[in-house]
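A short worksheet on the structure shown next.
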Amino acid sequence: PGAALLGNASKALGGLGDRRHLPDGDVAILQLLAAVELIEEDLWQQYNELGGVDAPDSGYKAGLVILDGDQPQYIADNTDDEISHAAFLNAYLASKGEQQVDLRQFATLQPSQVSFVPQTGRLTNLKQLTVDTSWWTRYRSTTNPDFGATFPNAVPSLDTGLHTAIPRHNNELGDPNNPSDHVKAIAFTAGFHFGYIEQGGTSLYATLAQKVTSLEVLRILLSIGGSEIMHFQTWQDKAGNATPLTDFDPINNSTVTFMDLTTGQPETLQANLIMPEPCEFISPHLPACSIIRPTGPGQLDARGVINSFIADELFRGQIPAFFTLIDSLAHAADAARRPGS
Numbered sequence: 011p012g013a014a015l016l017g018n019a020s021k022a023l024g025g026l027g028d029r030r031h032l033p034d035g036d037v038a039i040l041q042l043l044a045a046v047e048l049i050e051e052d053l054w055q056q057y058n059e060l061g062g063v064d065a066p067d068s069g070y071k072a073g074l075v076i077l078d079g080d081q082p083q084y085i086a087d088n089t090d091d092e093i094s095h096a097a098f099l100n101a102y103l104a105s106k107g108e109q110q111v112d113l114r115q116f117a118t119l120q121p122s123q124v125s126f127v128p129q130t131g132r133l134t135n136l137k138q139l140t141v142d143t144s145w146w147t148r149y150r151s152t153t154n155p156d157f158g159a160t161f162p163n164a165v166p167s168l169d170t171g172l173h174t175a176i177p178r179h180n181n182e183l184g185d186p187n188n189p190s191d192h193v194k195a196i197a198f199t200a201g202f203h204f205g206y207i208e209q210g211g212t213s214l215y216a217t218l219a220q221k222v223t224s225l226e227v228l229r230i231l232l233s234i235g236g237s238e239i240m241h242f243q244t245w246q247d248k249a250g251n252a253t254p255l256t257d258f259d260p261i262n263n264s265t266v267t268f269m270d271l272t273t274g275q276p277e278t279l280q281a282n283l284i285m286p287e288p289c290e291f292i293s294p295h296l297p298a299c300s301i302i303r304p305t306g307p308g309q310l311d312a313r314g315v316i317n318s319f320i321a322d323e324l325f326r327g328q329i330p331a332f333f334t335l336i337d338s339l340a341h342a343a344d345a346a347r348r349p350g351s
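In the working numbering, the protein residues as written are 11 to 351.
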C-alpha cells in the first residue's frame, strides 16, 4: 500500500525509542491502527467544528447538550485524543525505522456547507450514514457475539436508509434556544454514532493485542485501547438521553424515530445500565463475566471494523484506491501471529 505510506521517516525521529526491528506482524498492526486513528481524527474534527466547545452556538449544539450538558467538551476532548493517537502511532513507527501511514491524498469528500466550517476535503462522510446501534443491546445482554449471539438495534430506523449526523448547511444549524425536531434528530443521530465508532475501537485494540509479539507494542495497544474504552463508556452513557421524536429528512429521503430509553424499557434497552452485563466468556462452562466484547477472531478484528465502517457508509464517496489500501492494511494486521500461537 505504498501510495499512502510515507517513506522511511526515522532519521527525523532518530532519538526516539528503541531502534531494534519490530516483528512484521506488529508493524502491520500498528500501521492499521494508525490508519484507523487518522479516520477517527477526521470524523471527530467534523463533529468538533459543529458541536465542540469552541463551535458557535446553534440548535445542533443545543441538541447535543440535551444528551449531556458537557457534551461539547467531551467532543473536543475525544477529538484531541484521536489526534494524539494517530500522531503517536506514526511517530513510534518512524522511530523504529518503519513506514508511517498518510491518508491525506484521500481527503477529498465534501465537508458540511455550514459557513464557518473550513471547506477542506475530508476522509469520511457524516451526511449519509447507516448507523448500527446493536452495540447498545449487546452490552446490556447476557450473551456474547464471540459465541454467535446477535443483537437487535436500539434505534432500528438508524440502521435503515441514510441519515446525517451533522448539519449540512446553515439552515440546519437551528435556533440555539429552541432547536426543531429535525435539528435534534441530527444531534441525536450523532450521539448514537459516537458510541458506534468508539465501541469499534474498544474491541479492535483488545482483539489485535492478542496478536502482537513485542511487549512494548502490547503496552501501546493496551494503553491506547483503554482510552478508547473510556470514550465508549462516555458516549453510551449519553446517547440514551435522546428525547422521543420522529423526523423525516427530505434530502436523504429517510425517517428516524427515537424513543425514550430512560423509562419503561426492558434491561436490554434501559439507558442507565451502562456497565457491561456479565456474559459467557472463553467457555460456556465458566461463570459469566463482565467484559469487553467481542474480542475473538472474525468479529471486530481489523477487517471486521473496516467492513463495519463501510456498512456505516463512513467512506461513502471514496475512490477505489482508498478501499484497496485500507483492505490491504486490515488483511495484513489480521494475518499477524504471536510466536507459538
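Where is the CB? At the ideal position from N, CA and C, for every residue including glycine.
Name the residue from Ser318, Gly62, Glu238, Phe268 whose alpha carbon lies nearest to the alpha carbon of Ala249. Phe268
DSSP three-state call for His241: helix, strand or coil?
helix
- prompt: What residue range is occupied by the uninterrupted alpha helix (DSSP H) comprising Thr267?
  reply: Where Thr267 is concerned, there is no enclosing alpha helix (DSSP H), although the beta strand (DSSP E) it sits in stretches over 264-268.
Please classify His95: is it buried, with 16 or more other beta-carbons within 10 angstroms of its beta-carbon, or exposed?
buried
- Give every residue of the same chain whose Cβ lies closer than 7 Å to the Cβ of Leu231, excluding the five residues on either side of it in the sequence, and list them in chain order. Tyr215, Leu218, Ala219, Val222
**OP:** Could you tell me how far apart the beta carbons of Cys289 and Ile302 are, in whole angstroms, since I believe they sit closer than 8 Å?
**Re:** The pair is not a contact, with the Cβ atoms about 11 Å apart (cut-off 8 Å).
For the 8 Å Cβ check, are there 3 or more pairs between the region 272-280 and the region 115-135? no
Residue of Pro166, Leu43, His31 minimising C-alpha distance to Thr256: Pro166
Which residues bound the beta strand (DSSP E) around Thr256? 255-259
For His179, does the count of other Cβ atoms within 10 angstroms reach 16, so buried, or fall short, so exposed? exposed
Start and end residues, beta strand (DSSP E) containing Gln109: 109-111
request  = Provide the residue(s) that pair with Phe291 in DSSP beta bridges, ordered along the chain.
outcome  = Ser293
Please state whether the Cβ-Cβ distance between Thr143 and Gly171 is less than 8 Å.
no
key: CB of Asp247 within 8 Å of CB of Ile284, strictly   = yes
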